[in-house]
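Peer 1:
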Amino acid sequence: MRPVYIVGAGMTRFGRSEWPLVDLAATASLAALHHANLGKIPVDAVVVANMGAGRVNRQTAIASALVDRLSLWPAAAESVENGPASGASAVKVGYQAIASGMADVVLVTGVEMMRAVDGLEATDFVASLSHPEVEYIYGVTLPSLAGLFARLFMERHGVERRHLALVAIKNHDNAMKNPYAHIHQPVTMEGILTSPEAVVNNPPIAEPLHMFDCCPVSDGAAAVVLATQEVAAKIGAPRVLVAGIGQATDTHAVHERQDPTDLKAVRLASAAAFERAGLKPSDIDVAELHDAFTILEIAESEAAGFFKPGQAHKAIERGETQLTGKLPINPSGGLKAKGHPVGATGVAQIVELAWQLRGEAGGRQVAKAKAAYACNFGGFGNNVVATVLRKEER
Amino acid sequence: MGSVTDLEGLLRPPAMEMPPYPPKAITLASGEEMIVRQASREEMPTLLRAIYPLLLVERDYYDIVAARLYSELLAYKRYRVKDEYVLVGLIDGVLAGLVNGRLVDANVGMSYHTLTIRRGLRVGSHLFAAKMEYHIEHIGQEEVLIVAESPIGFRRWMIEYPLEKKYEVQHELGGVPSWVLTRKTYFDAKPRLVSGRRPVAADRLAGASAIRLPGEDAVRLQVTGEKGGRA
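Chains A and B are the protein sequences, given in the same order.
Quick note: the first sequence uses the working numbering, first residue 1, plus one each step.
Quick note: the second sequence uses the working numbering, first residue 395, plus one each step.
(1) May I ask whether a heavy atom of the ligand ADP can be found less than 8 Å away from the beta carbon of Pro407(B)?
(2) Taking only runs that begin and end inside the segment 71-155 of chain A, name each unbroken alpha helix (DSSP H) of 4 or more residues, in chain order.
(3) Kindly say whether Gln185(A), judged by its beta-carbon, lies nearer than 9 Å to any beta-carbon of chain B.
(4) Answer with yes or no whether the minimum CB distance from Gly590(B) to chain A is below 9 Å.
(5) Please report how far the alpha carbon of Met189(A) lies from the alpha carbon of Arg162(A), in whole angstroms.
(6) Indicate whether the contact test is met: 3 or more Cβ pairs, each with one atom in the segment 205-220 of chain A and one in the segment 354-369 of chain A, closer than 8 Å.
(7) Over what stretch of residues does the beta strand (DSSP E) that includes His507(B) continue unbroken?
(8) When the cut-off is 9 Å and only beta carbons count, does Ser195(A) lie next to chain B?
(9) 9 Å is my cut-off, CB to CB: does Gly119(A) come that close to chain B?
(10) Would you please verify whether the beta carbon of Thr421(B) is less than 9 Å from any beta carbon of chain A?
(11) For chain B, is any of its Cβ atoms less than 9 Å away from the one on Arg358(A)?
(12) How many angstroms separate the CA atom of Arg13(A) from the CA atom of Ile429(B)?
(13) Tell me which residues share the same chain as Arg624(B) and place their Cβ nearer than 7 Å to its Cβ, disregarding the 5 neighbours each side in the sequence.
(14) When DSSP labels each residue in this structure, what does Gln432(B) get in the three-state scheme?
(15) The beta strand (DSSP E) spanning Ile6(A) covers which residue range?
(16) Would you please verify whether the beta carbon of Ala122(A) is less than 9 Å from any beta carbon of chain B?
(17) Helix, strand or coil for Val19(A) per DSSP?
(18) Which class does Lys621(B) belong to by DSSP, given the choice of helix, strand or coil?
(19) In chain order, what residues of the segment 243-256 of chain A put their CB closer than 8 Å to some CB of chain B?
(20) Leaving out five residues on either side along the sequence, give the residues of the same chain with a beta carbon under 6 Å from the beta carbon of Val342(A).
(21) Check whether the Cβ atoms of Ala277(A) and Val117(A) sit closer than 9 Å, and answer yes or no.
(22) For Thr399(B), is the classification buried or exposed, using 16 other Cβ atoms within 10 angstroms of its Cβ as the cut-off for buried?
(23) What does Ser519(B) touch in chain D if you count any residue whose Cβ is under 9 Å from its own?
(24) Nearest-angstrom Cα distance between Ala222(A) and Leu148(A)?
(25) Mind pulling the chain B residues with CB within less than 8 Å of Phe212(A)?
(26) Can you tell me which residues form a DSSP beta bridge with Cys375(A)?
(27) Just how far apart, CA to CA, sit Asn382(A) and Ala490(B)?
(28) Answer with yes or no whether the minimum CB distance from Arg2(A) to chain B is below 9 Å.
(29) From what residue to what residue does the alpha helix (DSSP H) around Val517(B) run?
(30) Check this for me: beta carbons of Gly333(A) and His210(A), under 9 Å apart or not?
(31) Can you grab the Cα-Cα spacing for the pair Val7(A) / Ile235(A), in whole Å?
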């Protein structure tokens with residue numbers, strides 16, 4: 001297989017957008033193409049990640065629309081729908097196209113406009129990824145699944161609500177340094193947990209998860225340009241290598257898992273990604289995890305191999321996952337505060353890590369970052385894509 | 395024909411006795427402290443200036459809420475509404491939101507509007523709760539008539555408390571018939587929705603004695619939250 005490099009990355013600010021869906025995707029794509037500075041080198045293929053435009057925005061075949069909007073004909077175009085893991089899946093499809101020799105340059109764009117509908121409908125649209133016969137029809141939503149997961153995980157590992165709050169506080173603080181983040185609002189332990197007013201400020205969503213344990217509903221788009229080693233060399237791009245991608249699945253219904261707190265798909269996908277990259281979790285300098293709920297950052301960091309089971313919350317207490325810690329997690333603010341436009345999220349994680357490895361992350365730059373890891377968590381852990389990136393010295 | 399003064403007496407509604415709303419301090423999620431206090435009639439011009447830029451913001455029905463609130467505050471300022479009151483939330487003296495309502499009679503209150511400027515911190519929830527607290531605990535009324543003009547308001551009041559339908563009563567704001575918050579509903583909801591500390595320290599209260607307004611751009615950005623779409 002041919003090595004694949006990220007030669008450009010860009011995104012829109014996450015939040016609320018009045019723009020049409022394809023314009024939003026085009027904006028991120030143009031930012032990534034501008035960043036890549038391809039000159040006359042053509043884009044061979046466009047892969048678009050999106051989960052719900054057919055339902056929420058009444059628009060399908062977005063990749064074809066994006067190619068047209070960007071005048072990239074006759075580039076190949078396809079859309080990828082893989083739930084909240086659509087973004088990383090699309091990166092994988094682009095990666096495969098280049099690694100196999102089918103393409104030399106691929107634009108991968110993730111886009112979602114969830115705020116076109118109200119919060120209840122957005123929650124219902126995301127819930128449609130759950131098992132239709134044994135979960136969805138009983139009113140299961142992603143927050144409710146996460147609440148059930150959190151209660152069991154916390155009981156087993158001694159995690160307390162203050163640990164969840166520490167994740168939220170950290171990610172909100174990081175988002176303050178990210179101009180692309182949805183939420184620019186720091187939160188404090190007093191404000192969301194320990195003061196008498198916290199009961200109003202931070203109401204329960206699905207116990208033990210409260211409002212500030214949950215990501216916002218966001219609009220947004222993110223894009224990366226993938227290219228061969230030859231193209232990367234020709235345009236003089238910093239060498240950010242897609243060192244390894246792993247993907248794994250698990251049972252659709254969460255209750256069918258032998259141990260619901262074991263994020264097996266994260267474990268297997270991460271192991272595969274690390275093996276392909278020839279790296280270990282301890283080699284990673286910065287990570288973007290899929291913290292749609294604060295508990296997931298803790299659980300994923302253990303399943304990925306960064307901490308032993310039951311140890312992640314202790315590492316958080318010690319500040320190890322902060323920007324200046326041993327392993328900064330979610331310097332972008334994560335889904336929790338950067339936002340979670342579902343189809344765009346996996347691409348946005350890669351954008352953030354590419355910027356980190358290129359030293360272009362501004363006030364949230366992790367010092368001397370050379371290897372990075374992303375976990376894009378689809379379904380409720382039933383389809384996970386893990387990606388390892390590595391900076392190559394020239 | 396009477397004099398101009400006599401005519402004003404006919405145009406100006408007679409006022410009922412209303413106890414003042416005792417100020418309170420609330421710690422927000424950000425750790426900032428919001429002082430909730432009653433606004434005087436003399437402060438209405440300041441509040442009108444705060445609302446004015448929102449008259450054309452369609453998002454989340456801010457335009458209709460701002461337009462109606464503007465007329466209600468103006469009517470209060472110029473003595474053309476009976477027994478109205480206004481409460482404000484101030485963070486470091488800067489207006490974060492406001493609520494208003496009035497008394498229908500000694501036992502029944504009527505909620506008018508809740509307008510949040512600083513969004514994302516449940517300022518509106520705190521202020522609406524303060525309004526209900528005023529009617530039920532301080533004025534001692536039996537119930538408050540309420541309607542919502544936006545889906546956000548409907549979720550916050552009708553679902554979250556939850557309120558009861560009182561469709562046989564038409565709310566003064568027109569539109570849908572009334573919903574009602576009773577004393578029982580209020581006290582049932584109080585542990586999870588009503589908060590704040592009293593008394594407020596004198597220095598904190600002094601810091602909230604004058605209402606400062608955020609800049610117009612800051613208001614629009616905070617209210618619309620519109621950031622997406624730009625790379």
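C-beta atoms are modelled at their ideal positions from N, C-alpha and C, and glycine is treated no differently.
Peer 2: Reading off the structure:
(1) The ligand ADP is not among the ligands present in this structure, which contains no ligands whatsoever.
(2) 86-99 and 119-127
(3) yes
(4) yes
(5) 8 Å
(6) no
(7) Val502 to Thr510
(8) yes
(9) yes
(10) yes
(11) no
(12) 32 Å
(13) Here Arg624(B) scores only 43 on pLDDT, less than 50, and its place in the model should not be relied on; the value that follows carries that caveat. For Arg624(B), where only same-chain residues beyond five positions count, there are no Cβ hits under 7 Å.
(14) strand
(15) Val4 to Met11
(16) no
(17) For the sequence presented, residue 19(A) should be read as Trp rather than Val. Trp19(A): coil per DSSP, three-state reduction.
(18) Unreliable placement is indicated for Lys621(B), whose pLDDT of 49 sits below 50; the coordinate value is still reported in the next sentence. Looking at Lys621(B) - three-state DSSP - the assignment turns out to be coil, as it is neither helix nor strand.
(19) none
(20) Met51, Pro84 and Glu112
(21) no
(22) exposed
(23) Among the protein chains of the structure shown, namely A and B, there is no chain D.
(24) 31 Å
(25) Ala423
(26) Ala386(A)
(27) 43 Å
(28) no
(29) Val517 to Glu527
(30) no
(31) 9 Å
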